[in-house]
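In the working numbering, the protein residues as written are 1006 to 1698.
Presented below is the structure to which this report refers.
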Ligand code: NAP
């Protein structure tokens, strides 16, 4: 029988001994053997720290992001291969799409996130703070990649997504990974890792794979590593309490099972689109991936007087789902991942049935298409009813990790909120309602106990990604029982792999270190207009101090006429008693326009291609006729691209696009008083590169 291999220290190696036999979940036929016995876990960690980590940490965020994008595009060329293996896990095409293409989607999403970071291996985090009266001492924060390895211990249900959603983030951050896939479905993870390694798109040492037991892996972690765990709360608790994790203060992100719930608003009745949405969402949650989703709806709360109707509608919907061989085109629900998983779900459901009635489905019997219900790990969807949710603990504690959900009554929104909290912390919850007040009450009342809340109504239904789908740009994780962790969530997820360090010092030195101009730092090269410099030639801190221009009452009146902004404060004959102003005041936009007139080098063509916006524009005090204004104009930050700019793809095709970068300029508008700042802004320009190739 085929022996799965582990990718360790740059080589594919089989573990010693027979290992664990893995089976085709649909036919029950043995597929492969997996073992990690004999693998030197300490050496694998050392390899990641000394080979993968240095290679990744010296790359910039943009280089790492581009690497992820290239990898995503490459993996898409082998989709058929991945799908054909995925069917063997019991997954239908739709299930596999979530796992495989959803996973690749995470690579794309993180690749795009690069644009939110500088073209540096590290980044500044948050605002800077002036810490002194004389403006010579300040503070800010930087984030640098940790020097260790990210160890991901994953659950069996999403063998591709589970790996890619995590490594996308640590790779963007600049850390290597060791993935320990759940053994039972590791043959699919192995196939994807083979493709990744063969592509040679990641620096060597960036990714290692274990298909089988973790052995003594965690005995060798240290404080520069990060461990993430996805799986059951019981295993999670055991691993989180590992002495090495505790002693070395290793960041440990726990994503555990949770008793997620969906709530039907009291306003929703049969015949309303929201009623149908509720039924559809529950059927999807129970049958997609045969209910093996950490986010799956386990508890259904509905107004007591609607329980009977709901039981009928849900049973009908479930009966319309064809179960069987996932390769059959009409089949909508496949099998569980294996016999052991089926037995476990049966066992947990039996516990639930001590307090609940089974109103749809069967523990033992299931009708399947084009498959053998006994040999394959098939299970019927089971809808349970519990009419006393306040008196029953099991429905809020026991997770049957399969197509099992329990319907329960509530009386009034306060009770629905309180019942949702009995799960003691979940990954996600959904409220289905057409009423804004119901939506608001539920969200504000229940948010403390759920990591994500979907507010579902007919307006968003068509484009909604659904209750069960964690999204790369939103936080995934939940409080309490759900593990108390947070992952993904766009920039937030990346920061999990970066060390945040507070930096204190002079603005000039902190500008040099961070490569972001810090207010009050010394300017550079005042002799040359910075607009004369190409992107490569510009240095952070290049500065121009302009001439002065006096503002007159005629200027303000003329600007009011030109712009049409005749707000009373800009009119010369306004009675200013009782207003915030002493006399006619200049428009802030006039001051900003006048600033451009002073800092723009207007007489020759220069490398600045265009000005495309202003960030953080503030007018800090009123400017009256007679004020003499000048501008300090400083190169603040250089970026390769801006996510908000949509370039013409036709230009790219024709090769007409000009090589360029984005330059942010810090604009200080000053007068001649003791407190000279009348306004500040950051303006954005595109600047041509000298090297046009
Ligand atoms: P599990 O039994 O807890 O296993 C999870 C992972 O931990 C597997 O890779 C497993 O490896 C590994 N593991 C088990 N014992 C270990 C040990 N002593 N040392 C190191 N690693 C160890 O969970 P599962 O059965 O795979 O997954 C189902 C559960 O995961 C469900 O409860 C589900 O709710 C939860 N889940 C949560 C999320 C989430 O994001 N919150 C996502 C998916 C699933 P082996 O496979 O080799 O045993």
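C-beta atoms are modelled at their ideal positions from N, C-alpha and C, and glycine is treated no differently.
In its own chain, which residues sit with a C-beta less than 6 Å from the C-beta of residue 1373, not counting the 5 before and 5 after it? Once the five neighbours on either side are set aside, the close Cβ partners of residue 1373 are 1328, 1329 and 1383.
Cβ-based burial, residue 1089 [other Cβ within 10 Å; buried from 16]: exposed
Any beta strand (DSSP E) of 3 or more consecutive residues that is wholly inside the stretch 1022 to 1102: Along the stretch 1022 to 1102, the beta strand (DSSP E) occurs as fully enclosed runs of 3 or more residues at 1025 to 1028 and 1035 to 1039, listed in sequence order.
Look at the alpha carbon of residue 1040 and the alpha carbon of residue 1123, and state the distance between them as a whole number of angstroms. 42 Å
Flag this pair as touching only if the stretch 1300 to 1311 and the stretch 1266 to 1281 have three or more C-beta atom pairs under 8 Å; answer yes or no. yes
Please report the straight-line C-alpha distance between residue 1324 and residue 1463, rounded to a whole angstrom. 24 Å
Output needed for residue 1527: all residues of its chain with C-beta closer than 6 Å, excluding positions within five of it in sequence on either side, in chain order. 1513
DSSP on residue 1104, reduced to helix/strand/coil? helix
What number of angstroms, rounded off, separates the C-alpha of residue 1012 from the C-alpha of residue 1064? 23 Å
Tell me which same chain residues have a C-beta within less than 7 Å of the C-beta of residue 1665, skipping the five on either side of it? Apart from the 5 residues on each side of it in sequence, residue 1665 sits with its Cβ closer than 7 Å to the Cβ of 1540, 1614, 1691, 1692, 1693 and 1694 in its chain, given in chain order.
Proximity winner among 1617, 1303 and 1490, relative to residue 1287 (alpha-carbon distances): 1303
Just verifying my parser: in three-state terms, what is the DSSP assignment at residue 1401? Note: residue 1401 maps to helix in three-state DSSP.
For ligand 1, is there any heavy atom lying closer than 7 Å to the beta carbon of residue 1187? yes
Measuring from the CB of residue 1235, is there a heavy atom of ligand 1 at a distance below 7 Å? Yes; taking the cut-off as 7 Å, the Cβ of residue 1235 has a heavy atom of ligand 1 nearer than that.
Among 1266, 1479, 1557 and 1370, which residue has its Cα nearest to the Cα of residue 1290? 1266
Neighbourhood of residue 1125 by C-beta, 8 Å cutoff - its chain only, sequence neighbours within 5 removed: Result list for residue 1125: 1065, 1066 and 1520, in chain order.
Assigned exposure category for residue 1385 - 16 Cβ within 10 Å defines buried: buried
Can you list, in chain order, the residues of its chain whose CB lies under 8 Å from that of residue 1508, leaving out five sequence neighbours each side? 1144, 1145, 1146, 1147, 1515, 1518 and 1519
Output yes or no for whether 8 Å exceeds the beta carbon distance between residue 954 and residue 1319. The question about residue 954 has no answer, for the chain in this structure spans 1006 to 1698.
Bridge partner(s) assigned by DSSP for residue 1470: None; residue 1470 has no bridge partner.
Classify residue 1414 as helix, strand or coil using the three-state DSSP reduction. strand
Residue 1093: buried (16+ other C-beta within 10 angstroms of its C-beta) or exposed? buried
Would you call the CB atoms of residue 1445 and residue 1550 closer than 8 Å? no
Supposed contact pair residue 1350 and residue 1405 - C-beta distance, whole angstroms, cut 8 Å: With a Cβ gap of about 5 Å, residue 1405 and residue 1350 count as contacting.
Enumerate, from N- to C-terminal direction, the unbroken alpha helix (DSSP H) stretches of 4 or more residues contained entirely within the stretch 1338 to 1386. 1344 to 1358
Minimum length 3: unbroken beta strand (DSSP E) runs contained in the stretch 1197 to 1285: 1212 to 1216, 1231 to 1235, 1257 to 1260 and 1266 to 1269
Report buried or exposed for residue 1567, applying the criterion of at least 16 other Cβ atoms within 10 angstroms of its Cβ. exposed
Can you tell me whether residue 959 is buried or exposed, with buried defined as 16 or more other CB within 10 angstroms of its CB? Residue 959 is absent from the structure shown; the chain starts at 1006 and stops at 1698.
Candidates 1085, 1174 and 1070: closest to residue 1502 by CA position: Among 1085, 1174 and 1070, the Cα nearest to that of residue 1502 belongs to 1174.
What do you reckon, is the C-beta of residue 1013 under 7 Å from a heavy atom of ligand 1? no
Just to check, is the beta-carbon of residue 1348 closer than 7 Å to a non-hydrogen atom of ligand 1? no
Measure the C-alpha to C-alpha separation of residue 1009 and residue 1105 and round it to an integer number of angstroms. Rounded to the nearest whole angstrom, the CA to CA distance from residue 1009 to residue 1105 is 20 Å.
Alpha carbon to alpha carbon, how far is residue 1380 from residue 1095? Give it in angstroms, no decimals. 12 Å
First and last residue of the beta strand (DSSP E) that includes residue 1505? 1503 to 1510 is the extent of the beta strand (DSSP E) around residue 1505.
On the three-state DSSP scale, how would you describe residue 1304? strand
If you follow the alpha helix (DSSP H) that residue 1159 is in, where does it begin and where does it stop? Note, residue 1159: premise wrong, no alpha helix (DSSP H); not H, not E.
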